[in-house]
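The structure appears below as structure tokens.
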Amino acid sequence: MSVIKVEELKLIYGAGTPFQKTAIDGVSFEIEQGEFLGIIGHTGSGKSTLVQLLNGLLRPTEGKICLNGKDIWEKPKKIREVRFKVGMVFQYPEYQLFEETVYKDIAFGPKNMGLSDEEIDERVRKAASFTGLGDEYLQRSPFDLSGGEKRRAAIAGVVSMDPDVLILDEPTAGLDPLGRDALLSQIKTYHDVRKNTVILVSHSMEDIARITDRILVMNKGRKVMLDTAANVFSRGEELEKIGLRVPQITKIMMLLRQKGIPVDTSVLTVEQGFNEILSLARSSV
Amino acid sequence: MSGFISVRNVYFKYDENENGAEQGFALNGVDLEIKKGEFAAVVGHNGSGKSTLAKHFNSIYLPTTGDVIVDGMNTKDDDSLFDIRKKVGLVLQNPDNQIVAGIVEEDVAFGCENLGVPPKEIRKRVDEALKAVDMYEYRRHSPDKLSGGQKQRIAIAGILAMEPECIVLDEPTAMLDPRGREEVIDAVTKLNKERGMTVILITHYMEEAVLADRVIMIDSGKVFLDGTPREVFSKVELLKQHRLDVPQAAELNYKLRSCGLDLPECVLDENECAEALMKLLGSR
Amino acid sequence: MVRDVTLGQFMPGQSVVHKLDARTKLILLIAIIVFIFAATNYMSLLLITLASLLVVLLTRISFKMYLKSMKVILMVVLFTGIINLFYGSGEVLWEWQFIKITEGGINNAVFVTIRIATLVIISSVLTFTTSPSDLTDGLERLMKPLTVFHVKVHEIAMMMTIALRFIPVLLEETDKIMNAQKARGADMESGGIIKRVKALIPVLIPLFVSSFRRANDLAMAMECRCYNGGRGRTRMKVLRFSLNDLWALIYVLIIFAGVILCNIYFPATIR
Chain V
1 MSVIKVEELK
11 LIYGAGTPFQ
21 KTAIDGVSFE
31 IEQGEFLGII
41 GHTGSGKSTL
51 VQLLNGLLRP
61 TEGKICLNGK
71 DIWEKPKKIR
81 EVRFKVGMVF
91 QYPEYQLFEE
101 TVYKDIAFGP
111 KNMGLSDEEI
121 DERVRKAASF
131 TGLGDEYLQR
141 SPFDLSGGEK
151 RRAAIAGVVS
161 MDPDVLILDE
171 PTAGLDPLGR
181 DALLSQIKTY
191 HDVRKNTVIL
201 VSHSMEDIAR
211 ITDRILVMNK
221 GRKVMLDTAA
231 NVFSRGEELE
241 KIGLRVPQIT
251 KIMMLLRQKG
261 IPVDTSVLTV
271 EQGFNEILSL
281 ARSSV
Chain D
1001 MSGFISVRNV
1011 YFKYDENENG
1021 AEQGFALNGV
1031 DLEIKKGEFA
1041 AVVGHNGSGK
1051 STLAKHFNSI
1061 YLPTTGDVIV
1071 DGMNTKDDDS
1081 LFDIRKKVGL
1091 VLQNPDNQIV
1101 AGIVEEDVAF
1111 GCENLGVPPK
1121 EIRKRVDEAL
1131 KAVDMYEYRR
1141 HSPDKLSGGQ
1151 KQRIAIAGIL
1161 AMEPECIVLD
1171 EPTAMLDPRG
1181 REEVIDAVTK
1191 LNKERGMTVI
1201 LITHYMEEAV
1211 LADRVIMIDS
1221 GKVFLDGTPR
1231 EVFSKVELLK
1241 QHRLDVPQAA
1251 ELNYKLRSCG
1261 LDLPECVLDE
1271 NECAEALMKL
1281 LGSR
Chain F
2001 MVRDVTLGQF
2011 MPGQSVVHKL
2021 DARTKLILLI
2031 AIIVFIFAAT
2041 NYMSLLLITL
2051 ASLLVVLLTR
2061 ISFKMYLKSM
2071 KVILMVVLFT
2081 GIINLFYGSG
2091 EVLWEWQFIK
2101 ITEGGINNAV
2111 FVTIRIATLV
2121 IISSVLTFTT
2131 SPSDLTDGLE
2141 RLMKPLTVFH
2151 VKVHEIAMMM
2161 TIALRFIPVL
2171 LEETDKIMNA
2181 QKARGADMES
2191 GGIIKRVKAL
2201 IPVLIPLFVS
2211 SFRRANDLAM
2221 AMECRCYNGG
2231 RGRTRMKVLR
2241 FSLNDLWALI
2251 YVLIIFAGVI
2261 LCNIYFPATI
2271 R
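Chains as they are written, first to last, in the working numbering: chain V, 1 to 285; chain D, 1001 to 1284; chain F, 2001 to 2271.
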């Protein structure tokens, strides 16, 4: 069953004023339980707005969002429940840390859910370990951590709510390659272990290509594509037309293809590209 | 002949009370010469000391031991402080936090005003600087409404208007989206190629480092590699050991070459890579 | 959303009002504010209001923007209006227990509302047509004589510039942090006053932390650009009085004369 179903979603800012702006324009799709979805689009494509609609931080002007088959705005007073089920990690989440200790900060969400102290304790420790923060971090002040550690603590603060759907908006922004790889693999592990739905918003094609099952491509508030990573990247020219860059490795394959070499252009990683070229080179000897 | 900027055996330690925690040296004996007109990229992972080094070039930080000499002036010499900052401009990472005034052109003028440049001359320099980064048409705008890439170009213009001889950019693209990154890097490359401005670009994006004349790799506060992009990016294993990325093209080329395929020692971008592969596959 | 605030926002343009010297605008604004409070009857008040509306027309900024800026302080206007409704003497029109509305009260309420509305509109003319830095520059120069009394005029002006620049940045940041905490289930919309104040802590602390970070960065950026206080500093824009400034002065003097005449020849509306 689909965990999230979006029907003809529309969001118009400042409707009726001269500043009217359609941020989301008739988007429909479904996300399966346990899926790892990537959302790409350049700045202003509506991707960040879309995910804020998914967890009820914004209310759509038209259309419906169903979570586990139920319209999330059916009872507007219960919208907090939706936010617990659809956990949202914003861009640069480390800027939301505020408690005296990492432990207390991670416990903020579960506490708001009204859980018992034992349950909170269990969740905090689990969430911290998922993001690679050991027990020794829990009693430290979040403001003494390094940039990368702060970000992990902040992500743990959302994971601790044990949401059915975890949304991460540009989680690797500003991290160096090492920090980025570590964080992505932790997210991947989280997904593999919890078997929950994860949505990753990014403009890094490389990141998205590596770990997601399907990719939703947004442009000007509309859904442009929703398909497997391989299928999306095989439409490289279209992506470039809407100002998105394909991974360099895919680009190399596209160039070779243009020059008449029969390579598969849906290559996503260096490893795949390497195998593709190698087999081609060996077979033509 | 010594370079325009020379860094001589510099060690640097942050004040311990600044972060409370015990810290080692952020710079661990750096020796470096930057020539006039050069476009150098400094790469390294977070905490490698690259940003600390950037702040030594215009005397924001002073070496704990060792010296940094800018065009014959020691950065430790208080009297030459403003002369050094006039020659070496520094652009920081966060585009929002380095814009002082609420109108683009007034912000760009800020540095010149501090230097006491006559009003007419400031006007001329501001217009020129804005044109150089392709932001002239936004001169009367408020910076809040601009994109990250545009804000960062305004920060660059603010430095340019001071007519420095060298511009140091400390991870100017780390907080930008791909489009903004491209805009900023294009502007910077243009400054170097068309005006012969000395550029030192601190970054962890290897696609940006590839565009420089020289790549300096830093780890644990020391220079590990220093050479042309081609020399540096052929050492794929070494870069990975130092927790750095390699452009995918270079990595693919390296892997295939290690399998005995007849490929060049190093390719830097997708076009070079595709060309090399064409030669290889087409000739068979 | 907090971001939609228009009060005190500069709108670039090329109108006569835009081109006036910031110092002229500051002085004349103060003068007009004084007139507004000096007006004692509808005739003189109406004169100022109409004169102000004429200036609004001259700015060539859509009247909607002025209305929007009014919206922000609508509560204040209504509140003062309503309070005034219950004070006043004269014929009692409506009575309920100890509350009574008198003819004088209605008069007062209408009068005060027009007064505040005019005040907001004419102040908006200044902020809409003068760039923040012209404004602070103008203030700095007008206050220059105060340096004799060791008032740090340049520093005050610089602080204002930076504050004006960073207010929108911090508002946007507040919005973001609030959303992030709401996503973690923070409840900021319900509960009593104590609960609500407590609910602000998760927003205020990150905001403070980030303000300090920004201040640090900004200080470094200013150092990089050779900032050294007001000494030896020049300005790109030289403020210069022109013929327009003279006309503006004459215009305000005419209003002044009109207000005095009206005050003398017509009976006072409020006491």
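Backbone N, C-alpha and C define an ideal beta-carbon position, used for all residues, glycine too. Values in this document were obtained by computation on a predicted structure and should not be read as measured data.
Presumed contact (8 Å Cβ cut-off) between residue i and residue j, rounded CB distance
| i | j | result |
| --- | --- | --- |
| D1096 of chain D | V2169 of chain F | 6 Å |
| I24 of chain V | G46 of chain V | 5 Å |
| A1157 of chain D | V1133 of chain D | 5 Å |
| R1280 of chain D | A281 of chain V | A quick correction: the sequence has Leu, not Arg, at residue 1280 of chain D. Indeed, because the Cβ distance is near 7 Å, the residues count as touching under 8 Å. |
| T2059 of chain F | V2017 of chain F | 5 Å |
| A153 of chain V | D121 of chain V | 16 Å between Cβ atoms; not a contact. |
| I1099 of chain D | A1155 of chain D | 6 Å |
| V270 of chain V | Q1241 of chain D | Contact doesn't hold; Cβ gap of about 17 Å is too wide. |
| E961 of chain D | T2234 of chain F | There is simply no residue 961 of chain D to check, as chain D begins at 1001 and stops at 1284 in what is shown. |
Euclidean distance between Cα positions of residue i and residue j
| i | j | result |
| --- | --- | --- |
| Y1061 of chain D | T1052 of chain D | 8 Å |
| V2112 of chain F | Y13 of chain V | 35 Å |
| I31 of chain V | R222 of chain V | 17 Å |
| E2103 of chain F | L2085 of chain F | 9 Å |
| L67 of chain V | L239 of chain V | 30 Å |
| N2041 of chain F | I2162 of chain F | 41 Å |
| K1235 of chain D | V1223 of chain D | 15 Å |
| T2269 of chain F | I2167 of chain F | 40 Å |
| V217 of chain V | K1013 of chain D | 46 Å |
| V198 of chain V | R2184 of chain F | 17 Å |
| V51 of chain V | V165 of chain V | 11 Å |
| I2073 of chain F | P171 of chain V | 39 Å |
| L255 of chain V | E1165 of chain D | 39 Å |
CB contact check: residue i to chain D, cutoff 9 Å
| i | result |
| --- | --- |
| D227 of chain V | no |
| I2156 of chain F | no |
| K2152 of chain F | no |
| I277 of chain V | yes |
| V2016 of chain F | no |
| M2220 of chain F | yes |
| T2172 of chain F | Looking at the sequence provided, one finds Glu at residue 2172 of chain F rather than Thr. Yes - at least one Cβ of chain D is within 9 Å of the one on E2172 of chain F. |
Residues that residue i contacts on chain F, provided the C-beta gap is smaller than 7 Å
| i | result |
| --- | --- |
| L1287 of chain D | Here chain D has residues from 1001 to 1284 only, and residue 1287 of chain D is not among them. |
| L97 of chain V | P2206 |
Under 9 Å from the C-beta of residue i: neighbouring residues of chain F
| i | result |
| --- | --- |
| P60 of chain V | Residues of chain F passing the Cβ test: none, with the nearest at roughly 16 Å. |
| F1082 of chain D | C2226 and N2228 |
Contact set between residue i and chain V, taken where Cβ atoms lie within less than 8 Å
| i | result |
| --- | --- |
| N2179 of chain F | Q52, L57 and F90 |
| P1247 of chain D | Q248 |
Closer than 8 Å at the beta carbon, the chain F residues around residue i
| i | result |
| --- | --- |
| R80 of chain V | G2185 and D2187 |
| V1117 of chain D | T2234 |
| D1096 of chain D | V2169 and R2214 |
| Y158 of chain V | This sequence places Val at residue 158 of chain V; Tyr is not what is there. The contacting residues are A2183 and R2184. |
Chain V contact for residue i (CB, 9 Å cutoff)
| i | result |
| --- | --- |
| K2198 of chain F | no |
| I2073 of chain F | no |
| V2209 of chain F | yes |
| G1072 of chain D | no |
| P2206 of chain F | yes |
| R2231 of chain F | no |
| G1148 of chain D | yes |
CB contact check: residue i to chain F, cutoff 9 Å
| i | result |
| --- | --- |
| G1049 of chain D | no |
| R1179 of chain D | no |
Under 8 Å from the C-beta of residue i: neighbouring residues of chain D
| i | result |
| --- | --- |
| R2165 of chain F | I1099, V1100, A1101, G1102 and P1143 |
| D169 of chain V | Result: empty, since nearest Cβ-Cβ is about 12 Å, beyond 8 Å. |
| I261 of chain V | L1277, M1278, L1281 and G1282 |
| V270 of chain V | Q1248, E1251, L1252 and K1255 |
Within chain D, partners of residue i - CB distance below 9 Å
| i | result |
| --- | --- |
| I155 of chain V | Residues of chain D passing the Cβ test: none, with the nearest at roughly 17 Å. |
Distance cut-off 8 Å: residue i Cβ against heavy atoms of the ligand MN
| i | result |
| --- | --- |
| E1194 of chain D | Judged by which ligands are present, the structure shown has none, so any question about the ligand MN falls away. |
- Message: For a minimum of 4 consecutive residues, which ranges assigned as the alpha helix (DSSP H) are wholly contained in the stretch 1116-1173 of chain D?
- Response: Whole alpha helix (DSSP H) segments, 4+ residues: 1119-1132 and 1148-1160.
Which runs of the alpha helix (DSSP H), 4 residues or longer, sit entirely within the stretch 64-125 of chain V? The DSSP assignment places complete alpha helix (DSSP H) segments of no fewer than 4 residues inside the stretch 64-125 of chain V at 79-85 and 102-112, in order along the chain.
Could you give the uninterrupted runs of the beta strand (DSSP E) lying entirely in the stretch 2093-2129 of chain F, keeping only those of 3 residues or more? Counting whole runs of 3 or more residues, the stretch 2093-2129 of chain F contains the beta strand (DSSP E) stretches 2099-2102.
Practice item. Could you tell me which uninterrupted alpha helix (DSSP H) segments, each at least 4 residues in length, are contained entirely in the stretch 2008-2070 of chain F, listed from first to last along the chain? Key: Runs of alpha helix (DSSP H) with 4 or more residues, each lying fully within the stretch 2008-2070 of chain F, are found at 2016-2019, 2022-2038 and 2042-2059, listed in chain order.
For the stretch 134-198 of chain V, list the alpha helix (DSSP H) runs that are entirely contained and at least 4 residues long, ordered along the chain.
Runs of the alpha helix (DSSP H) inside the stretch 134-198 of chain V: 135-138, 147-159 and 177-194.
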